[in-house]
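These protein sequences, in sequence, are chains A and B. Every letter in the first sequence is one number past the one before it in the numbering used here, and letter 51, counting from 1, is 51. Count along the second sequence from 1, add 1000, and you get the number used in the numbering used here. Glycine included, each C-beta is placed from N, C-alpha and C at the ideal position. Since the model is a prediction, treat every value here as computed from it, not as a measurement. Reading through the structure tokens given below for one structure.
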Amino acid sequence: MYGWIWRHLPGNAWVRALLSLVLVLAVVYVLFQYVFPWAEPLLPFNDVTVDNQ
Amino acid sequence: MRVIVRTVSELCITAGTLIVLFVAYVLFWTGVKADNEMHDQIDQLQRQWSASATVHPTTKASATAAAPAKPAAYHYGKPFAIMYIPRFGFTWNKPVLEGTGTDVLKKGLAHYARTAQLGQVGNFAVAGHRRTYGDPFLDFPKLRKGDAIVLTDGTTWFTYRIDKGPYKTVPTDVEVIDPVPRKSGYTRPGRYLTLTTCDPEWGHSHRLIVWAHLDSTQPVETGRPKALRR
């Protein structure tokens, strides 16, 4: 999977490393901005009220 | 065969990384976001209050000790007061917002919309996170009878004193935020305050409650109440 991505990135090793870093940062950004805020309320830490509003 | 092994191990590593990232998000990043958000809410309140103070200079000077003027209606998701609890440390202060939706609880403490307003007859009930989103009520079990809970709405300081708690109950026990909560030991209508949070720290099986009564009020012009002075 990662080998496949690496082989399909353009440029030499340095350019590929840089592009991989950008890809990783993009994935982390999407996770923190969209995926985790969606998943977090499914955990019980938000239940602090007595009437479950 | 090798391709399959490699792909499976890559997937395992990816899943592990995802879990670590998610834990980092819940433990750390929600706190960073909430601290920023609460800071913004307090700034917003203070700007609002200093703006209205210049419009109506010293109209509250005649406010009597027992009966502060009726506050304006609260709006969902908007801050209206700042809470101080000396037991949690002298730097502990959090905004109180209207409504108990999860979006509101991310920005500060949440006032149960159907309960009394600050300082009024009835039960002013507030919920807060025990863990995550800045851990506002992390030290909840340390609260003791006689501890001060101080709030300000920009014109008046309200000092509540804890009478009972922390009291452990189940999430369906909505009676604890009644105008006269039966299990608190109060028997007559009065100006009460209830705080709720979750218990255990990371769970949701129970709730912790403290009850307090309004001990004193004073206009903001007279300075900070005694409970907040070191």
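Can you name the residues that DSSP bridges to residue i?
i        : result
G1122(B) : R1191(B)
V1026(B) : In the DSSP output, where bridge partners are listed per residue, V1026(B) has none listed.
F1158(B) : L1151(B) and T1217(B)
C1198(B) : R1207(B)
Starting from the C-beta of residue i, find all residues in its chain whose C-beta is less than 6 angstroms away, skip the five residues before and the five after it, and write them out in chain order.
i        : result
Y1074(B) : F1080 and E1098
Y1167(B) : I1209
A1125(B) : Y1112, T1115, I1177 and T1194
K1141(B) : Looking at the sequence provided, one finds Pro at residue 1141(B) rather than Lys. Excluding sequence neighbours, P1141(B) sits near P1166.
T1059(B) : Model confidence at T1059(B) stands at a pLDDT of 44, short of 50, so the residue's coordinates are unreliable; what they give is reported in the following sentence. Nothing listed; no residue qualifies.
D1139(B) : F1088
T1017(B) : none
Can you tell me which of the three DSSP states residue i falls into?
i        : result
M1083(B) : strand
K1226(B) : helix
K1094(B) : strand
T1017(B) : helix
L31(A)   : helix
Y1167(B) : strand
A958(B)  : Since the first residue shown for chain B is 1001 and the last is 1230, residue 958(B) is missing from the structure and cannot be characterised.
Y1076(B) : strand
R1130(B) : coil
D47(A)   : coil
L1151(B) : strand
A1144(B) : Note that residue 1144(B) is Arg in the sequence shown, not Ala. In this structure, R1144(B) counts as coil in the three-state DSSP scheme.
W38(A)   : helix
D1178(B) : coil
L1045(B) : helix
T1172(B) : coil
M1038(B) : helix
L1138(B) : coil
G1031(B) : helix
Output the distance between the C-alpha atoms of residue i and residue j, rounded to the nearest integer angstrom.
i        : j        : result
W1211(B) : R1188(B) : 14 angstroms
D1043(B) : K1078(B) : 13 angstroms
I1149(B) : W4(A)    : 60 angstroms
V1121(B) : G1190(B) : 5 angstroms
S1052(B) : A26(A)   : 44 angstroms
F1090(B) : L23(A)   : 44 angstroms
R1006(B) : I1013(B) : 11 angstroms
Q1048(B) : R1229(B) : 24 angstroms
V1104(B) : E1037(B) : 11 angstroms
T1169(B) : W1157(B) : 30 angstroms
E36(A)   : G1134(B) : The question names Glu, but residue 36(A) is Phe in the sequence shown. If you take the alpha carbons of F36(A) and G1134(B), they lie about 17 angstroms apart.
A1066(B) : W1029(B) : Only weak support exists for where A1066(B) lies, its pLDDT of 47 falling under 50; the value from the coordinates is given anyway. So the alpha carbons of these two residues sit roughly 43 angstroms apart.
P1245(B) : K1164(B) : The shown model of chain B, from 1001 to 1230, leaves out residue 1245(B), and the question about it has no answer.
T1217(B) : T1196(B) : 23 angstroms
V30(A)   : W38(A)   : 11 angstroms
V1023(B) : G1223(B) : 43 angstroms
Q1046(B) : T1155(B) : 11 angstroms
Y1084(B) : P44(A)   : 26 angstroms
Terminal residues of the continuous beta strand (DSSP E) containing residue i?
i        : result
N1216(B) : For the sequence presented, residue 1216(B) should be read as Ser rather than Asn. Note, S1216(B): beta strand (DSSP E), H1206 to P1219.
Report all residues from its chain with a CB closer than 7 angstroms to the CB of residue i; omit the five preceding and five following residues, and keep chain order.
i        : result
G1101(B) : none
C1198(B) : R1130, H1204 and R1207
P1071(B) : Q1117, L1118 and D1153
P1136(B) : K1094, L1109, G1128 and H1129
V28(A)   : none
D1035(B) : G1134
K1106(B) : A1034, E1037 and Y1133
Starting from residue i, trace the alpha helix (DSSP H) in both directions and tell me its first and last residue.
i        : result
F1088(B) : Run containing F1088(B): none; DSSP gives neither H nor E here.
V1104(B) : T1102 to L1105
Y1186(B) : Y1186(B) -> no alpha helix (DSSP H), and no H or E assigned at all.
G3(A)    : Y2 to H8
Spatial neighbours of residue i within its chain, please: CB distance less than 8 angstroms, with the 5 preceding and 5 following residues excluded, ordered by chain position.
i        : result
E1175(B) : P1181, R1182 and K1183
L9(A)    : V15, R16, L19 and S20
Y1186(B) : D1163, V1180, Y1192, W1211 and H1213
Between residue i and chain D, is the shortest Cβ-Cβ distance under 9 angstroms, so that the two count as touching?
i      : result
V22(A) : Absent from the structure is chain D; the protein chains it does hold are A and B.
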